[in-house]
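Student: Submitted below is the structure of interest, expressed as structure tokens.
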Amino acid sequence: MSHPSHFRPVALEHASRLVNHGPTVLITAAHGGQRNIMAAAWSMPVEFTPPRIAVVIDKSTHTRELIMQSGSFGIIVPGAAQMDLTYAVGSESGRDTDKFTRHHINAGTGPVLGMPVLEQGCAAWLECRWIKESHTEQAYDTFFGEVVSAAADARIFENGHWSFTDANADLHTLHHLGAGKFVVAGNQRQAKLD
Ligand SMILES: Cc1cc2nc3c(=O)[nH]c(=O)nc-3n(C[C@H](O)[C@H](O)[C@H](O)COP(=O)(O)O)c2cc1C
Numbered sequence: 001m002s003h004p005s006h007f008r009p010v011a012l013e014h015a016s017r018l019v020n021h022g023p024t025v026l027i028t029a030a031h032g033g034q035r036n037i038m039a040a041a042w043s044m045p046v047e048f049t050p051p052r053i054a055v056v057i058d059k060s061t062h063t064r065e066l067i068m069q070s071g072s073f074g075i076i077v078p079g080a081a082q083m084d085l086t087y088a089v090g091s092e093s094g095r096d097t098d099k100f101t102r103h104h105i106n107a108g109t110g111p112v113l114g115m116p117v118l119e120q121g122c123a124a125w126l127e128c129r130w131i132k133e134s135h136t137e138q139a140y141d142t143f144f145g146e147v148v149s150a151a152a153d154a155r156i157f158e159n160g161h162w163s164f165t166d167a168n169a170d171l172h173t174l175h176h177l178g179a180g181k182f183v184v185a186g187n188q189r190q191a192k193l194d
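Each residue of the sequence shown is one higher than the one before, counting from 1 in the UniProt record's numbering.
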């Protein structure tokens, strides 16, 4: 990652907030000299502490094979700036090509599990250790992971809180409507209790 990084570590107790609002994410995996990246609209937190996340990863994907071989995966939260890339890596398989090379993705390596992580144009990344649950994987394609490291761009997530403003619009998260149409999160409001 040669660009100046605005990424800072996120405390693990705040990791669930990175995906709490349901952004479309990128799932990365690496094993035996191979690496891969795919889009996933279906993910959610399932526990605060230890932080655990569920992701639906179809049997047809190459990503799934690499996760099952390596025992870990990465989750990237792309910003609006990476909308085209998000759609592209969700529309082709990395079984025969390296999508990182093909799309000139400048990936780094996560500090704990060595998963590919992407910072440019992205809001956050997490590294997860696969929690093997054969039944949910087979029946529902649902994979669970425990988050063991996380970081976010401090311009949009700091001290455990998101802040969506006009100044960080390129990092606002993506939410897939289907067929390559996305809405970009914004218009943040504060609810009040009386
Ligand atoms: C916006 C978007 C969201 C997607 N969400 C999911 C998902 O939640 N789960 C899934 O298994 N595939 C999802 N896909 C499809 C995979 O990204 C796609 O099958 C990909 O080509 C798999 O790549 P791979 O074979 O290199 O792992 C999505 C695709 C797009 C474009």
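Ideal Cβ positions, reconstructed from N, Cα and C, are used throughout, including at glycine.
#1: From the DSSP output, in three-state form, read off Met1 for me.
#2: Would you mind reading off the limits of the alpha helix (DSSP H) that contains Lys99?
#3: Can we say the segment 15 to 26 touches the segment 59 to 78, given the rule of at least three CB pairs closer than 8 Å?
#4: Check for me: the alpha helix (DSSP H) holding Gln34 runs from which residue to which?
#5: Looking at C-beta atoms only, is the number of pairs between the segment 47 to 54 and the segment 84 to 93 that lie closer than 8 Å three or more?
#6: Comparing C-alpha positions only, which one of Glu92, Val112 and Phe164 sits nearest to Trp125?
#7: Do three or more CB pairs link the segment 159 to 176 to the segment 101 to 109 at distances below 8 Å?
#8: Along the chain, where does the beta strand (DSSP E) containing Ile67 start, and where does it finish?
#9: I'd like to check one pair, Leu174 with Met38: are the Cβ atoms closer than 7 Å?
Tutor: In this structure, then:
#1: With a pLDDT of 49 at Met1, under the threshold of 50, the modelled position of this residue cannot be trusted, and the question is left open.
#2: Per DSSP, Lys99 belongs to the alpha helix (DSSP H) from Lys99 to Arg102.
#3: yes
#4: Annotation: Gln34 is outside any alpha helix (DSSP H); the continuous beta strand (DSSP E) that includes it extends over Gln34 to Ala40.
#5: In this structure the segment 47 to 54 does not lie against the segment 84 to 93, because fewer than three pairs of beta carbons, one per stretch, are closer than 8 Å.
#6: It is Val112.
#7: Touching, no.
#8: Taken as a continuous stretch (DSSP letters only), Ile67 belongs to no beta strand (DSSP E), being part of the alpha helix (DSSP H) at His62 to Ser70.
#9: no
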